[in-house]
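Read through the structure below, which is laid out as structure tokens, and then see the notes.
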Amino acid sequence: MRVPYKFLIPVIFIIFLVGIGPVLQSFLLSLSEFSLMNPSMQPVGFHNYITLLSDPIFWTAIQVTLLLVAGSVILELVVGIFLALLITNSRGRARSVFSSIFVIPIAIAPIVTGILWSPNSVFDDLNTLLYYGLSLGAYIDTTIPITYYSLIIISDAYIWAPLIMLVTVAILRSIPKELYEAADVMGASSWKKFQKITFPAIITSPILVVTLLLRTVDAFRMFEVPYAWSFWLGQDSQLGAPVDTVSVLMWKMFSTTLYDFPIALITSIAIVLLSITLLTCAVILRRSSNLLE
Amino acid sequence: MSKTENNNVKYIRYILLVSASLWVLWPISIMIEEGFRVDIGPLFSGRGASFVGEFFQGQGGIRFSTIEYVKALRVEAYPRLLTNSVIIAVSSVLVAALAGVPAAFTLALYKFRGKAFITYSLLALRTISPFAVLLPFFIIYGRLGLFDTYQGMAIVYLIINVPILTMMMRGFFKDIPKEIFEAAFMSGASDSYILRKIALPLALPGLAAAAVFAFVGTWNEFFYALFLTGTVTKTVSRGVWSGFSESIESFKILEFDELNAGGTLAIIPAVILALLVQKYLARGLTLGVSE
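Residue numbers (the working numbering), protein chains in the order written: chain A, 3 to 295; chain B, 122 to 412.
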């Protein structure tokens, strides 16, 4: 069969237009000294990368990002598997109603999730209850690092746990029934069945591994929720603030230094991030061979 | 004995299901409630207590007020943002579908050199850090006058929509039994004929699902909108954040009631549409990697 290459032309054109082209230009920018005030594009080699790697603000942002990525991916894995087990164990109407409820957060804009879990939304009534209602005189202080890091992680898991749930439900459905029947014959308890059949099937599933990889690389560009939090905490104009993920840091470099923002420096951060993305995508593609069939 | 045990298990399961739904619904209901300026504070002391750092922010009352919602809808800010979002999302999804469907057809049915390259590029485009492409867009749009225009935004959103449309449609074409295509090829039909008359009609529900999914993604997108939209093409998610009444985002005032009312209005269409296509959410979100 002749391959209809003409069908591919528009997509290839778009890939170059919005993907490869801009990325190459970003790369060139990152090798030059460029700002809107001084758009000369003097080549400076890897100067920007050296500036960047020797800047503690960058390393702080990397640490914050890694913390939030690890936290949210682990939490959404746990919550997602829990939800999936609940769903697969219920029948009929309950199943469809609850699975519809559980997927709602996927549809909520991440920036709105930043508002949802903000100090003045969820914690407004909760704190009123704690402070006045129960007369404890205490409240949940959302300005302590441990609270706001947890809340950012919770917000992210809030959005993405349903995805893990959907994937896990599909995995559970593909476990052969005979395994459970055999376990029943041997008189295994429900807990034993979970321990020996269900749990290993979920954890060792290549599908789950690939989904987690995709989530991890996605979480690396985490922006909206920490960005919202930089406002809640009054850190919006502070470079290298404690909630600055790499993306938020780049945004702040871009927006707070009006007109003379260090475009070249920002692009070099972006290129560093990009290389992580490209590497992870290569791994994902290798592991999900069905995509190339 | 075993019957009561079974019943107990059933009750525990229901309790867990309901508490898990609370995890999802509780923050949303608080947002809707705060949008109505309701606060349980007055029940106890006459004041609501919100603590942002040392700042005490008493606000709200037990009597609910629709003022924030009315303001959002009546000042025509929300209708305008909604129109902007719809124009941008629909045109971007349309272009993505026109480009993506034939490519998806080819990716689903043929093996060829460069297939890995295209798949990889689409995967990378989906997960790329926006900053890696954004600054060139920012500079070029400034020169070409595409900044804050519908065309400009529709082009930028191809970054997220083309991978979604192509990879989802690839999955839907793959779901069609191979025998159908084999029979068609045997009878000597051309590729475009098979795509238009056989593959596309069979995958039409899938195309609708993919388009809706991409629409929701564009609707919810915040980052590109934050950079590249201004007063003319500001989208819903951007407008919710910067406030309905404010025309240009120069600085941000924290108006929580307004934010909550805006957030509520923004998620209603997205949630409804996403529930319509919930069967395909996993496929869309992972580009079919999870199959």
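All C-beta atoms, glycine included, are put in the ideal place defined by N, C-alpha and C.
Since the model is a prediction, treat every value here as computed from it, not as a measurement.
From Ala217 (chain B) to Val80 (chain A), what distance separates their C-alpha atoms? 35 Å
Same chain only: Cβ atoms within 7 Å of Ser291 (chain A), ignoring 5 sequence neighbours per side: none
So with CB distances below 7 Å, who are the chain A contacts of Phe73 (chain B)? As shown, chain B starts at 122 and ends at 412. That puts residue 73 (chain B) outside it, with no answer to give.
Closer than 7 Å between beta carbons: that is the criterion. Which residues of the region 297–312 of chain B meet it against chain A? Phe306 and Asp312
Glu35 (chain A) (DSSP reduced to helix, strand or coil): strand
Since Ile209 (chain A) and Leu181 (chain A) should fall inside the 8 Å C-beta cutoff, what is the C-beta to C-beta distance between them, to a whole number of angstroms? Contact flag wrong, Cβ pair sits at about 18 Å.
With H, G and I counted as helix, E and B as strand and the rest as coil, what does DSSP make of Glu412 (chain B)? coil
Using a Cβ-Cβ cut-off of less than 9 Å, give me the residues of the region 4–17 of chain A that come near chain B, in sequence order. Arg4, Val5, Pro6, Tyr7, Lys8, Phe9, Leu10, Ile11, Pro12, Val13, Ile14, Phe15, Ile16 and Ile17
Between Ile22 (chain A) and Ser28 (chain A), what straight-line distance do the alpha-carbon atoms span, to the nearest angstrom? 10 Å
Measuring only between beta-carbons, confirm whether Glu35 (chain A) sits less than 8 Å from chain B. no
Top-ranked residue by Cα proximity to Ile268 (chain A), from A:Tyr51, A:Thr206 and A:Val187: A:Tyr51
Coil, strand or helix - Val159 (chain B) by DSSP: strand
Looking only at its own chain, which residues have a Cβ that is under 7 Å from the Cβ of Ile111 (chain B), when we skip the five neighbours before and after it? Residue numbering for chain B in the displayed model covers 122 to 412; residue 111 (chain B) lies beyond these limits and cannot be assessed.
Which one or two residues does DSSP pair with Gln44 (chain A) in a beta bridge? A:Glu35
Alpha carbon to alpha carbon, how far is Thr149 (chain A) from Ile149 (chain B)? 20 Å
The alpha helix (DSSP H) that contains Pro223 (chain B), what's its start and end? Ala198 to Leu230
Run through DSSP, which three-state label would Gly327 (chain B) get? helix
Three-state secondary structure (DSSP) at Ser250 (chain B)? coil
Runs of alpha helix (DSSP H) lying entirely within the region 49–132 of chain A, each at least 4 residues, in chain order: 49–55, 58–90, 94–109, 112–118 and 124–130
Please determine, among B:Ser212, B:Arg359, B:Glu412 and B:Ser308, the residue with the shortest C-alpha to C-alpha distance to Asn282 (chain B). B:Ser212
In angstroms, rounded to a whole number, what distance separates the CA positions of Gly383 (chain B) and Leu396 (chain B)? 21 Å
At a CB-CB cut-off below 8 Å, which residues of chain A make contact with Ile280 (chain B)? Val20 and Gly21
So, with DSSP's three-state summary, where would you put Leu241 (chain A)? coil
Spatial neighbours of Val169 (chain A) in its chain, beta-carbon cut-off 7 Å, leaving aside the 5 residues before and after: Ile209, Leu210 and Thr213
Who are the neighbours of Asn341 (chain B) on chain A, taking C-beta pairs under 9 Å? Ala109, Ile110, Ala111, Pro112, Ile113 and Val114
Thinking just about the alpha-carbon of each residue, which of B:Phe226, B:Ile239 and B:Thr352 is nearest to the one in Phe18 (chain A)? B:Ile239
What does the Cβ neighbour count give for Lys8 (chain A), buried or exposed, with the cut at 16 atoms within 10 Å? exposed
According to DSSP, is Lys8 (chain A) part of a helix, a strand, or is it coil? helix
Assigned secondary structure, Ile261 (chain B) (DSSP; H/G/I helix, E/B strand, else coil): helix
Within the region 165–190 of chain A, ranges of the alpha helix (DSSP H) (whole runs, at least 4 residues): 179–187
Suppose you measure from the CA of Ile151 (chain B) to the CA of Ser123 (chain A); what does that come to, to the nearest Å? 6 Å
By a C-beta neighbour count over all protein chains shown, 10 Å radius and 16 as the cutoff for buried, is Ala329 (chain B) buried or exposed? exposed
Answer yes or no: does any C-beta atom of chain B fall closer than 8 Å to that of Trp231 (chain A)? no
Starting from the C-beta of Arg289 (chain A), find all residues in its chain whose C-beta is less than 8 Å away, skip the five residues before and the five after it, and write them out in chain order. Pro208, Val211, Val212 and Leu215
Note down, in chain order, each residue of its chain lying with its Cβ closer than 7 Å to the Cβ of Val250 (chain A), except the 5 sequence neighbours on either side. Phe225, Pro228, Tyr229 and Ser232
Taking Trp61 (chain A) as the query, report the chain B residues whose CB atoms sit under 7 Å from its CB, ordered along the chain. Neighbours of Trp61 (chain A) on chain B: none; closest Cβ ~18 Å, over 7 Å.
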